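Participant: Here the sequence shown stands for residues 105 to 267, where the numbers follow my numbering.
Got a structure for you, written out below as structure tokens; questions coming shortly.
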Amino acid sequence: MSDASRPLPATVTVRLPDAEGNPGPPEAVPAVQKSDAEWRAELDPDAYRVLRAAATERPFCGRLLDQKSPGLYVCAGCGLPLFTSRHKFESGTGWPSFFAPFAPENVAEDRDESHGMVRTEIHCARCGGHLGHVFDDGPRPTGLRYCLNSVSLEFRPFSGSRT
Ligand SMILES: [Zn+2]
């Protein structure tokens, strides 16, 4: 049973990036809802297992762990911006880590009691795709550590960036 099969409302309120890559105002957009068969056909198998079945990739092998260029990290399922390079930090865990989301509206949270632990699961607000977990042992200024699976994200360099 897919962890990400939770029902979504017809519309969700999220923030999309402005020309500088900063969060724009909140706006209501249609949720992205697809059948399990559609997701399975659209996503590569590794992304499907994480996004739609809440698997966790092995540490130190994700392709975005060492990505340090300026840009947005968008949902691999629906393209919604979820994190930015401005909030990425080296956590030493082996998974890409951020101390804040691109916009709080875009990353939804759920209590996760699987594997004998109580954790806070994070998922994409627009398509429900599983992203990883958030922990309260992160750096300043938030003290949060968003622990991501690389396959749940796609990296989009800031256009026109000179750095
Ligand atoms: Zn999504």
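Built from N, CA and C at the ideal position, the CB exists for glycine as well.
Keep in mind the model is a prediction, meaning the values are calculated, not measured.
Sorted by chain position, which residues of the same chain lie with C-beta nearer than 8 Å to D241's C-beta, five sequence neighbours on each side aside?
Facilitator: On the sequence shown, residue 241 is found 137 positions in, with the first residue counted as 1. Exclusion of the five residues before and after D241 leaves G247, R249 as the residues of its chain whose Cβ lies within less than 8 Å of its Cβ.
Participant: Taking 5 Å as the limit, name every residue whose beta carbon sits nearer than that to some heavy atom of ligand 1, in sequence order.
Facilitator: A residue is listed when its beta-carbon falls short of 5 Å from at least one non-hydrogen atom of ligand 1; in chain order these are C179, G181, C182, L184, C228, R230, C231, G233.
Participant: Which of the three DSSP states, helix, strand or coil, is assigned to L120?
Facilitator: For this step, residue 120 is matched to residue 16 along the sequence shown. Three-state DSSP puts L120 in a strand.
Participant: Using a Cβ-Cβ cutoff of less than 6 Å, which residues in the same chain neighbour P163 once the five nearest sequence positions on both sides are dropped?
Facilitator: For the purposes of this step, residue 163 is taken as residue 59 along the sequence shown, with counting starting at 1. Same-chain partners within the cutoff: G198, W199.
Participant: For N126, is the classification buried or exposed, using 16 other Cβ atoms within 10 angstroms of its Cβ as the cut-off for buried?
Facilitator: For the purposes of this step, residue 126 is taken as the residue at position 22 of the sequence shown. With fewer than 16 other Cβ atoms within 10 Å, it is exposed.
Participant: Relative to the alpha-carbon of A151, which residue among E124, L257, S263, P121 has its alpha-carbon at the smallest distance?
Facilitator: The count along the sequence shown starts at 1 and reaches residue 151 at position 47. Closest by alpha carbon: L257.
Participant: Since Y250 sits in a beta bridge, which residues does DSSP pair it with?
Facilitator: Numbered from 1 along the sequence shown, position 146 holds the residue referred to as residue 250. Bridge partners of Y250: F202, V238.
Participant: With respect to the alpha helix (DSSP H) encompassing P261, which residues constitute its N-terminal and C-terminal limits?
Facilitator: Taking the sequence shown and counting its residues from 1, one reaches residue 261 at position 157. Here P261 belongs to no alpha helix (DSSP H); instead the beta strand (DSSP E) covers 257–261.
Participant: Helix, strand or coil: how does DSSP classify D216 here?
Facilitator: Locating residue 216 in the sequence shown gives position 112, counting from the first residue. Here DSSP, grouped into helix, strand and coil, assigns D216 to strand.
Participant: Identify whether L186 lies in helix, strand or coil by the three-state DSSP scheme.
Facilitator: On the sequence shown, position 82 is the one that residue 186 refers to. Looking at L186 - three-state DSSP - the assignment turns out to be strand.
Participant: Taking DSSP as the reference, what is the three-state secondary structure of A207?
Facilitator: As a working note, residue 207 is residue 103 in the sequence shown. Note: A207 maps to coil in three-state DSSP.
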